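Q: Going by numbering that gives the first Met the number 0, the sequence shown opens with residue 0, and the numbers climb by one from there. Cβ atoms here follow ideal geometry from the backbone N, Cα and C, with glycine treated the same way. Quick caveat, the model's predicted, so the values are computed rather than measured. Encoded as structure tokens, here's the structure I'll be asking about.
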Amino acid sequence: MSEEKTPQALQDDRRRRNHFQVRLDQQLADQLRHYAEQRHHGVINMALNTIVSKFFNAKN
Numbered sequence: 000m001s002e003e004k005t006p007q008a009l010q011d012d013r014r015r016r017n018h019f020q021v022r023l024d025q026q027l028a029d030q031l032r033h034y035a036e037q038r039h040h041g042v043i044n045m046a047l048n049t050i051v052s053k054f055f056n057a058k059n
């Protein structure tokens, strides 16, 4: 059996360090869902990307 990783496994390894999981209290989670529904068609990940980018980079 070969020890070499597939291209997909290598890509997963590179992405893993950029993967975050958080637990939000109910009020904050509701606010995030509302923001995502209003501005990102309900896609939470896109909403979080926007929020974090604005916070750190002052981007729109």
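Can you tell me whether residue 23 is helix, strand or coil according to DSSP?
A: Residue state, collapsed to three classes: coil.
Q: Taking Cβ to Cβ, would you say residue 57 is nearer than 7 Å to residue 46?
A: In this structure, residue 46 does not lie closer than 7 Å to residue 57 by Cβ.
Q: Which stretch, first to last residue, makes up the alpha helix (DSSP H) that contains residue 53?
A: Taken as a continuous stretch (DSSP letters only), the alpha helix (DSSP H) holding residue 53 covers 43-56.
Q: Give me the residue from 53, 43 and 4 with the minimum Cα distance to residue 21.
A: Residue 43 is the option with its Cα nearest to residue 21.
Q: So, helix, strand or coil for residue 18, using DSSP?
A: Three-state result, residue 18: coil.
Q: Go ahead and pull the three-state DSSP assignment for residue 39.
A: Coil, per DSSP.
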